[in-house]
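Visitor:
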Amino acid sequence: MLANLNEGQAIDRRRFVQTLMLPAALPVAAALVGSAAQTAEPTAADGLDIIDCNVHLFDWPFRKLKYAQTDALAEKLRRHRITKAWAGSFEAVLHTQFDAANRRLAEECRSKGDGMFVPIGTVNPGGPDWEEDLRRCHEAYRMSGVRLYPAYHGYGLDYADFAKLLAETAKRGMLVQIVLRMEDERCHHPALVIEAVDVGPLVEALKTLPQAKVQLINSAGRLLGKNVAALVRETQVTFDIAATEGNGGVGQLIAGTNYSYTGAIPIERLVFGSHAPFFPCESALMKLFESPLDLAELEPLMYANAKRLIA
Amino acid sequence: MPSSPREFVLNPAAYGLPTRDDLVKLRIWDIHYHGFFKGGIPAHEENLFYVERMGIERMLSLDIGGSPEDPLGTTIPAEQNREMREYLEQHADSVSGLIPVDPGRPLESCRKMEEWIANGPCIGIKYYGGNPKGVLCSHPDNDVIIRLAAQMKAVIYIHTWLQVGGEPRRPGGKNAPGEATPLDVAKLAARFPDVNFICGHSGGDWELGVRYVRPLENVYIEFSGSDPHSGQVDFTVAEVSAARLVWGGHGPSRSYSTELAKVFDADLTHDQRLAIFGGNLRRLAEPIFRKKGYKL
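So the sequence lines, in the order shown, correspond to chains A and B.
Numbering of the first sequence is given in the numbering used here, commencing with residue 2 and proceeding in unit increments.
Numbering of the second sequence is given in the numbering used here, commencing with residue 501 and proceeding in unit increments.
(1) Check whether the segment 556-570 of chain B and the segment 618-628 of chain B touch, using three or more Cβ-Cβ pairs below 8 Å as the test.
(2) On the DSSP bridge list, what partners appear for Phe118 of chain A?
(3) Strictly below 8 Å CB to CB, what residues from chain B border Glu133 of chain A?
(4) Let me see if you follow: with CB-CB separation under 9 Å, is Thr758 of chain B close to chain A or not?
(5) At a Cβ threshold of 9 Å, is Pro43 of chain A touching chain B?
(6) Do the CB positions of Gly146 of chain A and Gly122 of chain A come within less than 9 Å of each other?
(7) CB-CB under 6 Å to Val56 of chain A, same chain, minus the five flanking residues each way: which ones, in chain order?
(8) Which of helix, strand or coil does DSSP assign to Gln663 of chain B?
(9) According to DSSP, is His154 of chain A helix, strand or coil?
(10) Does any C-beta atom of chain B lie closer than 9 Å to the C-beta of Glu269 of chain A?
(11) Of the residues that make up the segment 240-252 of chain A, which ones have a beta carbon closer than 9 Å to any beta carbon in chain B?
(12) What are the residues that DSSP puts in a beta bridge with Pro682 of chain B?
(13) Classify Asp199 of chain A as helix, strand or coil using the three-state DSSP reduction.
(14) Going by other Cβ atoms of all chains shown within 10 Å of its Cβ, with 16 needed for buried, is Asn619 of chain B buried or exposed?
(15) Going along the chain, which residues of the segment 738-757 of chain B sit with their C-beta nearer than 7 Å to a C-beta in chain A?
(16) Nearest by alpha-carbon distance to Leu716 of chain B: which of B:Asn780, B:Glu739, B:Arg773, B:Phe723 is it?
(17) Does Val194 of chain A pass the burial test, meaning 16 or more other C-beta atoms within 10 Å, or should it be called exposed?
(18) Can you tell me which of B:Gly634, B:Val551, B:Ile645, B:Leu688 puts its alpha carbon nearest to the alpha carbon of Leu760 of chain B?
(19) Does the Cβ of Arg309 of chain A have 16 or more other Cβ atoms within 10 Å, making it buried, or fewer, making it exposed?
(20) Enumerate in chain order the residues of its own chain whose CB-to-CB distance from Pro606 of chain B is below 7 Å, with the five nearest sequence positions on each side excluded.
(21) Is Ala265 of chain A helix, strand or coil when you go by DSSP?
(22) By DSSP, does Ser638 of chain B sit in helix, in strand, or in coil?
(23) Within a Cβ cutoff of 6 Å, which residues of the same chain sit near Arg558 of chain B, ignoring the five residues on either side of it in sequence?
(24) Tell me which residues share the same chain as Ala31 of chain A and place their Cβ nearer than 6 Å to its Cβ, disregarding the 5 neighbours each side in the sequence.
(25) Taking Cβ to Cβ, would you say Gly247 of chain A is nearer than 9 Å to Gly226 of chain A?
(26) Taking 9 Å as the CB-CB cut-off, is Ala305 of chain A touching chain B?
(27) Against chain B, with Cβ distances strictly below 9 Å, would Arg223 of chain A count as a contact?
(28) Looking only at its chain, what residues have a beta carbon closer than 7 Å to the beta carbon of Leu23 of chain A, apart from the 5 residues adjacent to it on each side?
(29) Taking C-beta pairs closer than 9 Å, name the residues in chain B that Lys85 of chain A reaches, listed in chain order.
(30) So with CB distances below 9 Å, who are the chain A contacts of Ser724 of chain B?
(31) Beta-carbon separation of Gln237 of chain A and Pro267 of chain A under 9 Å?
(32) On the DSSP letters alone, give me the boundaries of the beta strand (DSSP E) that Glu557 of chain B sits inside.
(33) Spell out whether any CB of chain A is found under 9 Å from the CB atom of Met501 of chain B.
(34) Assuming contact is defined by CB atoms lying nearer than 9 Å, are Val124 of chain A and Phe99 of chain A in contact in what I supplied?
(35) Along the chain, where does the alpha helix (DSSP H) containing Tyr627 of chain B start, and where does it finish?
(36) On the three-pair Cβ rule with 8 Å, is the segment 674-684 of chain B touching the segment 710-729 of chain B?
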């Protein structure tokens, strides 16, 4: 247990148990106790499954992706111990019939992946009749959240209907995922001109909505600008790690020493996101190991924080 | 929190990932190391925690005696250069240096190569993503640098990118002055068929970058510094074979996870991974390493 199995130093059992007894790690401890009932000795290697908050299904408009087929993606994620994946639809990035895209997504998640995929619909508060799209997501397709692409759909986070959407989703208890970017703007198709999303107005918009559940995905440090401290201090926003860069980037981010972020993001505000199948899921997975994180940090990052948002 | 770089709370193998021991066995050589870039030797030594944790065998630093603003390092104090030379000499078993050159100042670049490569510890040259005079690596005035590098058997690394922008908007249209595209590397490599070149970053937009250099057998492709795209390495291997890929970590600004994942995403044999992670680079660097008595 506690690899590196072949060469690394194992954590001694006393320290391991102490770690498990931290209050934040109680659900892990319970899980391990559960597995111990069937096996001789609980091990950390038995421990933690992963909830991936940042997955898309279907076809990326500009390239055929290796794991574009839903079943293939499910199999791939499962091989890496990702047991739940919150899935948006690539179709929603450039299509304008959001309801059709959301319906297909709901059906795909229902019929494929053996319950792995949690459908996350898309609404464009800059477009017509978005309230009805949102209602259908929640009531007809039983979606627990919606994913927004402000850069692709052409509105800012200071847009009046964006604030209305936050209020409506908060009322419904839905999660709102805001995609800060899909790909590096240096490599966009030349026909696309996509502005960066300014997250500054989000702080103000959420001040009157403390119950809103908002997550920023692909939230690379540079995209957050100087807003990290305010987002952490004045909102309950969570961030996925798909675009967190730097050697030991996640640990450095928690410690406030990640060079590309202007502040620290505490572990309780971080969630696992892979941006698969656009990114290899191995990228986010290896970040869990590149930083010297302990169980009290890994457990919230790998699933507990996400579970708090969508049970 | 684990305090030793070799200590892991969870077993990577349980998550379908290589363990540290697996990584060590792959003998990873990192052609794109920026550990000295900001903060010099102290910053590099701090970063060694992650180098060891991720099983990286050798780092090839691209920022020795120069910076993007001052590729030839004319503003670097002599004492600082002396310390760096000593450090490279003392740590030749794990760290190697490539010196930035300036295609806008070919003769001064050659003098620097004499100082740092012929009469110093370094083993190669690097073209930054732009230079003060905005001269491309493919400019004929720059051939003198390549001829000297070939004589020295130096490793040649060229940053390339295809930044979309400009008017009309196109890949490469937003490149900085003097920032090469893979097409520039292809033009240069065609003039020197017996010299090997490393085309850095795969041009950023790898779908285009790989195709620009594909016909040139003497061009190797390094693919760090861009987002990890699933399928990138599969595509590149299919176009040019695993024998022409060279791995870069781009740390500490990029995560090793990002760069390692590009290879682990691909459907490769163990031998192909060995080649990409270090075997190809060792083959490229062998002549100058042997000349200098460095460990391969």
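Glycine included, each C-beta is placed from N, C-alpha and C at the ideal position.
What you are looking at is a predicted structure, and each value in this text was computed from that prediction instead of being measured.
Guide: Working from what's here:
(1) yes
(2) Working through the first sequence from its first residue, we reach residue 118 of chain A at position 117. DSSP lists A:Ala86 as partners of Phe118 of chain A.
(3) Numbered from its first residue, the first sequence carries residue 133 of chain A at position 132. Going along chain B, no residue has its Cβ under 8 Å from Glu133 of chain A, so there is no contact; the nearest lies around 35 Å.
(4) The residue given as residue 758 of chain B occupies position 258 in the second sequence. Thr758 of chain B counts as touching chain A.
(5) Sequence index remark: in the first sequence, residue 43 of chain A carries index 42 (1-based). Its pLDDT being 38, under 50, Pro43 of chain A is placed unreliably by the model, and the measurement read from it follows with that caveat. No, Pro43 of chain A does not count as interfacial toward chain B.
(6) For the purposes of this step, residue 146 of chain A is taken as the residue at position 145 of the first sequence. For the purposes of this step, residue 122 of chain A is taken as the residue at position 121 of the first sequence. Result yes, Cβ atoms of Gly146 of chain A and Gly122 of chain A sit closer than 9 Å.
(7) For the purposes of this step, residue 56 of chain A is taken as the residue at position 55 of the first sequence. Ala86, Ala88, Ala277.
(8) Here residue 663 of chain B corresponds to residue number 163 of the second sequence, with the count starting at 1. The answer is coil: DSSP assigns Gln663 of chain B none of H, G, I, E or B.
(9) Residue mapping note: residue 154 of chain A aligns to position 153 of the first sequence, counting from 1. His154 of chain A: helix per DSSP, three-state reduction.
(10) Translated into the one-based positions of the first sequence, residue 269 of chain A becomes position 268. Taking Cβ atoms only, chain B never reaches closer than 9 Å to Glu269 of chain A, which makes this a no.
(11) Ala244, Thr245, Glu246, Gly247, Asn248, Gly249, Gly250, Val251, Gly252
(12) For the purposes of this step, residue 682 of chain B is identified with residue 182 of the second sequence, where counting begins at 1. None, per the DSSP bridge assignment.
(13) In the first sequence, the residue the question calls residue 199 of chain A occupies position 198. In this structure, Asp199 of chain A counts as coil in the three-state DSSP scheme.
(14) Numbered from 1 along the second sequence, position 119 holds the residue referred to as residue 619 of chain B. With fewer than 16 other Cβ atoms within 10 Å, it is exposed.
(15) Gly751, Pro752, Ser753, Arg754, Ser755, Tyr756, Ser757
(16) Counting from one through the second sequence, the residue named residue 716 of chain B turns up at place 216. Answer by Cα proximity: B:Glu739.
(17) Along the first sequence, one-based indexing puts residue 194 of chain A at 193. Result: exposed.
(18) In the second sequence, counting from the first residue as 1, residue 760 of chain B sits at position 260. Looking at the Cα atoms, B:Val551 is the closest of the given residues.
(19) Residue mapping note: residue 309 of chain A aligns to position 308 of the first sequence, counting from 1. Classification of Arg309 of chain A: exposed, given that the 10 Å Cβ count is below 16.
(20) Residue numbering aside, residue 606 of chain B sits at position 106 when the second sequence is read from its first letter. Closer than 7 Å at Cβ, skipping near neighbours: Asp641, Asn642, Val644, Ile645.
(21) Here residue 265 of chain A is taken as the residue at index 264 of the first sequence, counted from 1. Of the three classes helix, strand and coil, the one that applies to Ala265 of chain A here is coil, per DSSP.
(22) Counting from one through the second sequence, the residue named residue 638 of chain B turns up at place 138. If DSSP states are grouped into helix, strand and coil, Ser638 of chain B belongs with coil.
(23) Locating residue 558 of chain B in the second sequence gives position 58, counting from the first residue. Correct list, in chain order: Trp529, Ser594.
(24) Here residue 31 of chain A refers to the residue found at position 30 of the first sequence. Legend: pLDDT at Ala31 of chain A = 32, less than 50; position of this residue unreliable, no value from coordinates given.
(25) Walking along the first sequence from the start, residue 247 of chain A turns up at place 246. Walking along the first sequence from the start, residue 226 of chain A turns up at place 225. No, they are not a contact pair.
(26) One-based indexing of the first sequence puts residue 305 of chain A at position 304. Cβ-Cβ to chain B under 9 Å: no for Ala305 of chain A.
(27) Looking up residue 223 of chain A in the first sequence gives position 222. Arg223 of chain A does not count as touching chain B.
(28) Translated into the one-based positions of the first sequence, residue 23 of chain A becomes position 22. Unreliable placement is indicated for Leu23 of chain A, whose pLDDT of 38 sits below 50; the coordinate value is still reported in the next sentence. Same-chain partners within the cutoff: Ala297.
(29) Counting from 1 along the first sequence, the entry for residue 85 of chain A is found at position 84. Near Lys85 of chain A there are no residues of chain B at all, since even the closest Cβ is about 15 Å away, more than 9 Å.
(30) In the second sequence, residue 724 of chain B corresponds to position 224, counting from 1. The premise fails here: Ser724 of chain B is roughly 12 Å from chain A at the closest Cβ pair, so nothing lies under 9 Å.
(31) The residue given as residue 237 of chain A occupies position 236 in the first sequence. The residue given as residue 267 of chain A occupies position 266 in the first sequence. Against a cut-off of 9 Å, the Cβ pair of Pro267 of chain A and Gln237 of chain A comes out as no contact.
(32) Along the second sequence, read from residue 1 onward, the residue named residue 557 of chain B stands at position 57. Residues 556-561.
(33) Start at 1 with the first residue of the second sequence, and residue 501 of chain B comes out as number 1. Met501 of chain B counts as touching chain A.
(34) The residue given as residue 124 of chain A occupies position 123 in the first sequence. The residue given as residue 99 of chain A occupies position 98 in the first sequence. Going by C-beta atoms, Val124 of chain A is nearer than 9 Å to Phe99 of chain A.
(35) As a position in the second sequence, residue 627 of chain B is number 127, starting the count at 1. Counting along the chain, Tyr627 of chain B falls outside any alpha helix (DSSP H), though it belongs to the beta strand (DSSP E) covering 624-627.
(36) yes
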